[in-house]
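Those letters in the sequence shown? Residues 34 to 348, by this note's numbering.
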Amino acid sequence: MTATADEAELVTDFEAILGRRDRIEPRDWMPERYRRTLVRQIAQHAHSEIIGMQPEGAWITRAPSLRRKAILLAKVQDEAGHGLYLYSACETLGVSRQELTELLLSGRQKYSSIFNYPTLSYADVGTIGWLVDGAAICNQVPLCRTSYGPYGRAMIRICKEESFHQRQGYELLMTMQRGTDEQRAMVQESVDRFWWPSLMMFGPPDSQSPNTAQSMAWGIKRDTNDELRQKFVDMTVPQAEALGVTLPDPELAWNAERGHYDFGEPDWDELTAVISGDGPCNAERMAHRRRAHEDGAWVREAATAFAARTSEDGR
Ligand code: FAQ
């Protein structure tokens, strides 16, 4: 059989696996573009979890009670764990954790736009849980069925934890809503700032998304950016009503014909600017991440030396 015939057979087998909605596993043959797309998406996702520790982490020392501090500490630690599962899933595609870290630190790989916005009040901890984790769940539940095995399996555990995060955020906001006028104003102000950036988490509109069509064809993504954004709005509007907050969109209205909420257009120029490094906190987030990486050098050196000694000793 010629090389081209071999390749054609491999492609046929690969497509048959996708057709059956089975998983592609690390040792299976896969097209190089499929592998690169997965590395890009999983790495971006992992970086988001790690950078995503910063906005809420900033409030750990200022949590209003021991209970809130314990909850927030646990949540931020969960995000670190999610980053680690995702880096491990990505490593099964033949890239090392070190390479991925360098790609992030040199700005060649992205992380989610949402983490480039500041957390200005304690209500932001609740809003991030409710809206940001809520958007993350909408996006990530379908990823449990993604076509690449290690990514899908990592997502199952992550989604369980994210749904707990979402509920803690909602409970925090509900508690503040039952408090003073000042606390209610704090919640509303926070929701006003986070609403539009949360909608942008789903990515550009389908008509301007260069990757969606191919990622859907490969079963990496199971829904388009616009489909997920709509699902998020439909899920969130009744929650906002129960909470007693107003979502800052005058165009938000139930459309009985479509069976969905209509909503206004996010500012896509803002998303482009934030993704290109020009958001309110991009420089701060990256500087913090670089510093943490440098400060952690001794841990990596110690772990490497320990691993070398353990293998020499045959332990
Ligand atoms: N931010 O063609 P598309 C969390 C980039 S949740 C930054 O539509 P794609 C949990 C995109 O990479 C947040 N960049 O791309 C948490 C591409 O650029 P490239 C993380 C964005 O991949 C909660 C270009 O724009 N979740 O961390 C964004 O098909 C609370 C064109 O876009 C995930 O990563 C954006 N918002 O669809 C943690 C989920 N949107 O790479 C702490 C997995 C688009 O070609 C606290 N990822 N871009 O140069 C995905 O589902 C997809 O990658 C999308 C983008 C939907 C994000």
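Just so you know, even glycine gets a beta-carbon here, dropped at the ideal spot from N, CA and C.
Query: Distance cut-off 7 Å: ASN315 Cβ against heavy atoms of the ligand FAQ; Result: no
Query: Closest by C-alpha distance to PRO237, when choosing among ASP39, ASN258 and MET219; Result: ASN258
Query: Any non-hydrogen atom of the ligand FAQ within 7 Å of SER242 CB; Result: yes
Query: For TYR294, the residue or residues it bridges with in DSSP; Result: TRP287
Query: Backbone secondary structure at TYR181 - three-state DSSP; Result: strand
Query: Extent of the continuous alpha helix (DSSP H) run through GLN221; Result: 214-233
Query: Length of the line joining the Cα atoms of ASP300 and GLY167; Result: 20 Å
Query: Status (buried if at least 16 other CB within 10 Å, exposed otherwise) for VAL332; Result: exposed
Query: Distance between ASN244 and MET34 (C-alpha atoms, nearest Å); Result: Any reading at MET34 must be qualified, since the residue scores a pLDDT of 46, below 50, and its modelled position is unreliable; no value is offered.
Query: Stretch pair the region 153-170 + the region 199-219: three plus CB contacts closer than 8 Å; Result: yes
Query: C-alpha distance - ALA340 paired with PHE148, whole-angstrom precision; Result: 34 Å
Query: GLU345 burial status per 10 Å Cβ neighbour count (16 or more: buried); Result: exposed
Query: Where MET34 sits in the DSSP three-state scheme; Result: Only weak support is given to the placement of MET34: the predicted model assigns it a pLDDT of 46, under 50, and the question is left unresolved by the model.
Query: Contact between the region 246-256 and the region 218-230 (3+ Cβ pairs under 8 Å); Result: no
Query: Closer than 7 Å: ASP295 CB and nearest the ligand FAQ heavy atom; Result: no
Query: Distance cut-off 7 Å: GLN263 Cβ against heavy atoms of the ligand FAQ; Result: no
Query: As assigned by DSSP and simplified to three states, the class of GLU40; Result: helix
Query: Proximity to CYS209 [Cα-Cα], best of PRO97, ARG69, GLU58 and ARG342; Result: Per the sequence shown, the amino acid found at residue 209 is Met instead of Cys. It is PRO97.
Query: For ILE161, the three-state DSSP class (helix, strand or coil); Result: helix
Query: Buried versus exposed call for ALA122 [16 or more other C-beta atoms within 10 Å across all chains shown]; Result: buried
Query: Proximity test, ARG73 beta-carbon vs the ligand FAQ heavy atom, cut-off 7 Å; Result: yes
Query: PHE235 beta carbon near the ligand FAQ (any heavy atom closer than 7 Å); Result: yes
Query: Whether LEU51 touches GLY182 by CB criterion (8 Å); Result: no
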